[in-house]
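Asker: After the structure tokens below, expect a handful of questions from me.
Number of protein chains: 2
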Amino acid sequence: MEKQMLQKLDKMFNPNIIAIIGASNSIQKWGGFLTVHMLKGKFIGKIYPVNPREKQILGMPAYRSILDIPEPIDLGIIAVPADKVLPAIEEAGKKGVPGLVVVTSGFSETGEDGKSLEKQMVEIAKRFGIRIIGPNTMGITSTYVSLYATGAAVFPPRGHISFISQSGNLGTQMLYWAEREKIGIDQFFGTGNEADISAFELLEYLAERETTRVILLYLEGIDDGRKLFNVLKCVTRKKPVLVLKAGRTKAGARAALSHTGAIAGKAEVFEAALKQAGCIIVKNPSDLLDIAIAFSYLPLPKGNRIGVCTLGGGWGVVASDLLNEAGFELPPLDPQTIARFDKILPPYWSRSNPVDLVGQVDEDIFNTSLHTLLETDYIDALIMMGVFGVSEFVIRVASASLGVAPDVTENEFKQIEDYANSTEHKFREETLAAMEKFKKPVIGVLLSSTANLVHEVDGKTLILFPTPERAIKALQALYQYQQYLSRQKT
Amino acid sequence: MEKQMLQKLDKMFNPNIIAIIGASNSIQKWGGFLTVHMLKGKFIGKIYPVNPREKQILGMPAYRSILDIPEPIDLGIIAVPADKVLPAIEEAGKKGVPGLVVVTSGFSETGEDGKSLEKQMVEIAKRFGIRIIGPNTMGITSTYVSLYATGAAVFPPRGHISFISQSGNLGTQMLYWAEREKIGIDQFFGTGNEADISAFELLEYLAERETTRVILLYLEGIDDGRKLFNVLKCVTRKKPVLVLKAGRTKAGARAALSHTGAIAGKAEVFEAALKQAGCIIVKNPSDLLDIAIAFSYLPLPKGNRIGVCTLGGGWGVVASDLLNEAGFELPPLDPQTIARFDKILPPYWSRSNPVDLVGQVDEDIFNTSLHTLLETDYIDALIMMGVFGVSEFVIRVASASLGVAPDVTENEFKQIEDYANSTEHKFREETLAAMEKFKKPVIGVLLSSTANLVHEVDGKTLILFPTPERAIKALQALYQYQQYLSRQKT
Numbered sequence: 001m002e003k004q005m006l007q008k009l010d011k012m013f014n015p016n017i018i019a020i021i022g023a024s025n026s027i028q029k030w031g032g033f034l035t036v037h038m039l040k041g042k043f044i045g046k047i048y049p050v051n052p053r054e055k056q057i058l059g060m061p062a063y064r065s066i067l068d069i070p071e072p073i074d075l076g077i078i079a080v081p082a083d084k085v086l087p088a089i090e091e092a093g094k095k096g097v098p099g100l101v102v103v104t105s106g107f108s109e110t111g112e113d114g115k116s117l118e119k120q121m122v123e124i125a126k127r128f129g130i131r132i133i134g135p136n137t138m139g140i141t142s143t144y145v146s147l148y149a150t151g152a153a154v155f156p157p158r159g160h161i162s163f164i165s166q167s168g169n170l171g172t173q174m175l176y177w178a179e180r181e182k183i184g185i186d187q188f189f190g191t192g193n194e195a196d197i198s199a200f201e202l203l204e205y206l207a208e209r210e211t212t213r214v215i216l217l218y219l220e221g222i223d224d225g226r227k228l229f230n231v232l233k234c235v236t237r238k239k240p241v242l243v244l245k246a247g248r249t250k251a252g253a254r255a256a257l258s259h260t261g262a263i264a265g266k267a268e269v270f271e272a273a274l275k276q277a278g279c280i281i282v283k284n285p286s287d288l289l290d291i292a293i294a295f296s297y298l299p300l301p302k303g304n305r306i307g308v309c310t311l312g313g314g315w316g317v318v319a320s321d322l323l324n325e326a327g328f329e330l331p332p333l334d335p336q337t338i339a340r341f342d343k344i345l346p347p348y349w350s351r352s353n354p355v356d357l358v359g360q361v362d363e364d365i366f367n368t369s370l371h372t373l374l375e376t377d378y379i380d381a382l383i384m385m386g387v388f389g390v391s392e393f394v395i396r397v398a399s400a401s402l403g404v405a406p407d408v409t410e411n412e413f414k415q416i417e418d419y420a421n422s423t424e425h426k427f428r429e430e431t432l433a434a435m436e437k438f439k440k441p442v443i444g445v446l447l448s449s450t451a452n453l454v455h456e457v458d459g460k461t462l463i464l465f466p467t468p469e470r471a472i473k474a475l476q477a478l479y480q481y482q483q484y485l486s487r488q489k490t
Numbered sequence: 491m492e493k494q495m496l497q498k499l500d501k502m503f504n505p506n507i508i509a510i511i512g513a514s515n516s517i518q519k520w521g522g523f524l525t526v527h528m529l530k531g532k533f534i535g536k537i538y539p540v541n542p543r544e545k546q547i548l549g550m551p552a553y554r555s556i557l558d559i560p561e562p563i564d565l566g567i568i569a570v571p572a573d574k575v576l577p578a579i580e581e582a583g584k585k586g587v588p589g590l591v592v593v594t595s596g597f598s599e600t601g602e603d604g605k606s607l608e609k610q611m612v613e614i615a616k617r618f619g620i621r622i623i624g625p626n627t628m629g630i631t632s633t634y635v636s637l638y639a640t641g642a643a644v645f646p647p648r649g650h651i652s653f654i655s656q657s658g659n660l661g662t663q664m665l666y667w668a669e670r671e672k673i674g675i676d677q678f679f680g681t682g683n684e685a686d687i688s689a690f691e692l693l694e695y696l697a698e699r700e701t702t703r704v705i706l707l708y709l710e711g712i713d714d715g716r717k718l719f720n721v722l723k724c725v726t727r728k729k730p731v732l733v734l735k736a737g738r739t740k741a742g743a744r745a746a747l748s749h750t751g752a753i754a755g756k757a758e759v760f761e762a763a764l765k766q767a768g769c770i771i772v773k774n775p776s777d778l779l780d781i782a783i784a785f786s787y788l789p790l791p792k793g794n795r796i797g798v799c800t801l802g803g804g805w806g807v808v809a810s811d812l813l814n815e816a817g818f819e820l821p822p823l824d825p826q827t828i829a830r831f832d833k834i835l836p837p838y839w840s841r842s843n844p845v846d847l848v849g850q851v852d853e854d855i856f857n858t859s860l861h862t863l864l865e866t867d868y869i870d871a872l873i874m875m876g877v878f879g880v881s882e883f884v885i886r887v888a889s890a891s892l893g894v895a896p897d898v899t900e901n902e903f904k905q906i907e908d909y910a911n912s913t914e915h916k917f918r919e920e921t922l923a924a925m926e927k928f929k930k931p932v933i934g935v936l937l938s939s940t941a942n943l944v945h946e947v948d949g950k951t952l953i954l955f956p957t958p959e960r961a962i963k964a965l966q967a968l969y970q971y972q973q974y975l976s977r978q979k980t
């Protein structure tokens, strides 16, 4: 993509001044709720609502035409009915707007007349050099300018994941999960009918975007497979791309045809080509976020040799099975490492990998385990289960004992609670520091009441998974990408 | 299992009067925190703490010996150090206690001396006709008598899932998830070293237990595979048994050996035998609860033909793929059904299965869709996505508009909120009634901020999954069990 076009898209997706053509006071209408979401999201720039029949829109002065707005516009959002879209684009062109998001539906998705209307729309836009997202799009999100311009009221926090989605509904639902689980998002694009800007171009744009560390792509159909793979090959050398290709099966392809009109090719061929291009293939929507957040904050493992440390044996067995089945190895411990653990664990400890801490809840044991395993040259990544979050269990027992056990007074309970919380906090700091020092990922599996993935520790971000299977799936993707990158270098 | 033995186990696991031998005031000790958990769990019967060195234990009068207790004991819990276990069992025998839970460790899991001690323990117990869970067990839970006698402070609600676990740590962690997600549990057994009562016998006992609708089994190793399969064959004809067999892989088997000393056989052979015996094989611990809760409350699908109804097309495509990949079919709609949907949906609706409601949030559309699809004779189960929980989105938009949009006053917001909530509630009632009427499972995939599986609706239980993949995995297990049952009948 040329530098000039990159700059244009960059302005459009990180706007300072936005006009909403068809803004409305009614929250039954797209021009109403979309504007409400932008206000609620506290867009950092200026919003100019355009509506010839109103004096005010949602408390802001309304403009009769975009041409009446006294400053240049970075992005226009079009929410007028389909039959008024062409003149609106013509006016935006005259105003010199570089880019538009057209949420209006009733275009190529509805049949021949709509197709012809869409063609005319693109012709007018081309004439003025306007770039368009849509039509029939769920909208866009750009968190670093607090732009939440989507049909659904979803406000994920800032982060490093960007998401290109050929389904608006699926896309915004995932933004909602991201909001709920505090998973940081950079930008989101509901691509709509892709009359002008395609998923390809968005990939090229995001490849260059500094704040985006990982790209998610929900695909139903593409016109030009060869072009997609060429673009992907370039992008995946710069950052990981996770692809959920829907319409893989007979039933899925039929559903895709009736949804976006996408015609699915041979699923196996397509999948093989995606892998060849370095993509991470994902089948469940929820896995997209799990894996993306791991890419956002964890270093890549250099190899497939995993150390496992657990507070209880059963979890170690389960994790060993899942790791082995995912292609990982659990190397045995060397005598020196065993000797170090001999000093801190009871005589009946496992003396092997997984290291079973046999329920010892102790700050020094946690720290020594972490460092001892990461220091070895035969362990590439570490999974710690039942260590993070154990403070909550300690507090639960103490809290149950309060007023019952004679040695647990209010004062002693407070001491236990403080100790447990500070131990937990210190171990989280220690883990982040160790990851930085050893450049190896440490994935915690959390024993606690929260199922959140993302945990802030003194301004840094620690990722903890609620189950071993989710941790291992994410680790598998990190390793797969690392392997791809090292193949590219040789 | 003989009736007399059943009655004995039944008394032991649903006790009215419990003695805790080795009860303690210190929450650092098993005899302390286990007793605290029983008090916190509000055991419905009577607790007698036995400790010769204390006058009171956690506010209750202490007894010097179990022989001093003035009534018969249904269950004894032994938490004294290993070297004091034999005399404690001798005394329990003299007292006429039918059953014991021995949480003390230091037996066969520690080596030859421990093995010999364990053998002696069993001999004494046999002499008195005492049955034993353990030693080295995490404890037991029996929710219908509010008995929470486990080493971890976990208090799941009452329900129909019983769980036999050869890992105490994994077992109680899952009880914690159950507590967090309001998943109803009947009984839990950490089997410990299985010196006396084995997983076999617990299976036979639970097969007869009325409140148990589904049995979970976490297995690391078994001595007598043939016996296990014979027992399982009988049990699975009565109720579904979900098995997580750990130690399937090389790494897992090595970890199991060092954890419980279990020697794994050939994984494939074992798995084939489990399937042959009608078990549902599960690989991830979290899947155990997902599938079990589905068995607790959903009717079994008679066939593999699934109707899908969605609020947005992308989810329909994703679900179609996952369903097809899981062996399900999505039959096309007949003209009569299409005609019924034509009357309620906009002209551009999908006219196929999945039925895409194209974002129409309307009580009548929801109800008509539900009934129209369930009434057909070619749909065995229904998945509804983005219908349940949509009220929350409606309220979110209205709430964002409050004080911003001129047509959303406090009063109007309240109206929107009430309408959304009551529509949601009525549709949930409608769904439960339709399931009962048509005897077909309806699985909702929830669009909302809660990830809970279990939802109470006027005293009944509705299961809603947070993602399509989890819903489909559960549906797959229901169908697999239905197929097994119908093969048994022919």
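Top line first, the protein sequences correspond to chains A and V. FYI, the numbering for the first sequence is 1 to 490, going by this note's numbering. FYI, the numbering for the second sequence is 491 to 980, going by this note's numbering. For each residue, glycine too, the CB sits at the ideal point set by N, CA and C.
Does the segment 3-21 of chain A touch the segment 61-76 of chain A, meaning 3 or more C-beta pairs lie closer than 8 Å?
Answerer: yes
Asker: Could you check how far apart the C-beta atoms of Ala-256(A) and Val-807(V) are, in whole angstroms? I think they sit under 8 Å.
Answerer: Contact between Ala-256(A) and Val-807(V) holds, with the beta-carbon distance rounding to 5 Å and staying under 8 Å.
Asker: Whose Cβ in chain A lies nearer than 7 Å to the Cβ of Gln-663(V)?
Answerer: Leu-447
Asker: Is it right to say Leu-722(V) is buried, meaning 16 or more other beta carbons lie within 10 angstroms of its own, or is it exposed?
Answerer: buried
Asker: From the DSSP output, read off the bridge partner residues of Glu-819(V).
Answerer: Arg-795(V).
Asker: Determine the extent of the alpha helix (DSSP H) in which Leu-496(V) is found, giving its start and end residues.
Answerer: 493-503
Asker: Do Gly-583(V) and Lys-498(V) count as a contact pair if the criterion is CB distance below 8 Å?
Answerer: no
Asker: Determine whether the Cβ of Glu-691(V) lies closer than 8 Å to any Cβ atom of chain A.
Answerer: no
Asker: Taking the alpha-carbon positions, what's the Leu-460(V) to Val-214(A) distance?
Answerer: Shown here, chain V extends from 491 to 980; a query on residue 460(V) therefore has no answer.
Asker: Output the residue ranges of the alpha helix (DSSP H) runs that lie fully inside the segment 671-699 of chain V and measure 4 residues or longer, sorted by chain position.
Answerer: 689-698
Asker: Please list, in chain order, the chain V residues whose beta carbon lies closer than 7 Å to that of Trp-315(A).
Answerer: Asn-659, Leu-660
Asker: Should Asp-342(A) go down as buried or exposed, given a rule of 16 or more other Cβ atoms within 10 Å for buried?
Answerer: That one is exposed.
Asker: For a contact meaning CB atoms closer than 9 Å, what does His-37(A) contact in chain V?
Answerer: Using a Cβ-Cβ cut-off of 9 Å, His-37(A) is close to Val-887, Ala-890 of chain V, given in chain order.
Asker: Check the Cβ-Cβ distances between Ala-642(V) and every residue of chain A, and say whether any is below 8 Å.
Answerer: Interface residue, yes.
Asker: Does Thr-461(A) come out as helix, strand or coil in the three-state DSSP assignment?
Answerer: strand
Asker: Would you give the residue range spanned by the beta strand (DSSP E) that Ala-246(A) belongs to?
Answerer: Per DSSP, Ala-246(A) belongs to no beta strand (DSSP E) and is neither H nor E.
Asker: How should Glu-181(A) be labelled, buried or exposed, when 16 other C-beta atoms within 10 angstroms of its C-beta is the threshold for buried?
Answerer: buried
Asker: Could you check whether Thr-525(V) and Ile-507(V) sit closer than 8 Å to each other, using their CB atoms as the reference points?
Answerer: no
Asker: Would you grab the beta carbon distance between Asp-364(A) and Lys-440(A) for me? Rounded to a whole angstrom, and I think it's under 8 Å.
Answerer: Contact flag wrong, Cβ pair sits at about 21 Å.
Asker: Determine the DSSP secondary structure at Lys-536(V), reduced to helix, strand or coil.
Answerer: Strand.
Asker: Please compile the residues from chain A whose C-beta is within a distance smaller than 9 Å of the C-beta of Val-759(V).
Answerer: By Cβ distance, chain A contributes nothing, its closest Cβ being about 16 Å from Val-759(V), past 9 Å.
Asker: Give me the Cβ distance between Pro-331(A) and Asn-353(A), rounded to the nearest whole Å; I'm assuming they're in contact under 8 Å.
Answerer: 6 Å
Asker: Which same chain residues end up closer than 7 Å to His-160(A) when comparing Cβ atoms and leaving out the 5 residues on each side of it in sequence?
Answerer: Gly-184, Asp-186, Thr-211, Thr-212, Arg-213, Val-214, Ser-296
Asker: Please report the straight-line C-alpha distance between Ala-757(V) and Thr-739(V), rounded to a whole angstrom.
Answerer: Each residue's alpha carbon lies about 7 Å from the other.
Asker: Return the Cβ separation of Ser-165(A) and Tyr-218(A) in integer angstroms, given the expectation that the two are a contact with Cβ distance under 8 Å.
Answerer: 4 Å
Asker: Measure the C-alpha to C-alpha separation of Phe-270(A) and Leu-968(V) and round it to an integer number of angstroms.
Answerer: 32 Å
Asker: Counting beta carbon pairs with one atom in the segment 453-466 of chain A and one in the segment 301-317 of chain A, are three or more of them shorter than 8 Å?
Answerer: no
Asker: Output the distance between the C-alpha atoms of Tyr-868(V) and Tyr-666(V), rounded to the nearest integer angstrom.
Answerer: 40 Å
Asker: By how many angstroms is the C-alpha of Gly-934(V) removed from the C-alpha of Ser-840(V)?
Answerer: Each residue's Cα considered, the two are about 20 Å apart.
Asker: Grab me the residues of Phe-618(V)'s own chain with a C-beta within less than 6 Å of its C-beta, minus the 5 sequence neighbours each way, in chain order.
Answerer: Gly-583
Asker: Report the option in Asn-659(V), Met-528(V), Gly-624(V), Gln-610(V) whose CA atom is closest to the CA atom of Ser-401(A).
Answerer: If we check each option's Cα against that of Ser-401(A), Met-528(V) comes out closest.
Asker: Is there a Cβ of chain A sitting closer than 8 Å to that of Ala-784(V), yes or no?
Answerer: no
Asker: Of all the CB atoms in chain V, is at least one closer than 8 Å to the CB of Thr-141(A)?
Answerer: no
Asker: So with Cβ pairs under 8 Å, would you call Asp-897(V) a contact of chain A?
Answerer: yes
Asker: Identify whether Asp-113(A) lies in helix, strand or coil by the three-state DSSP scheme.
Answerer: helix
Asker: Starting from Tyr-148(A), trace the beta strand (DSSP E) in both directions and tell me its first and last residue.
Answerer: 147-150
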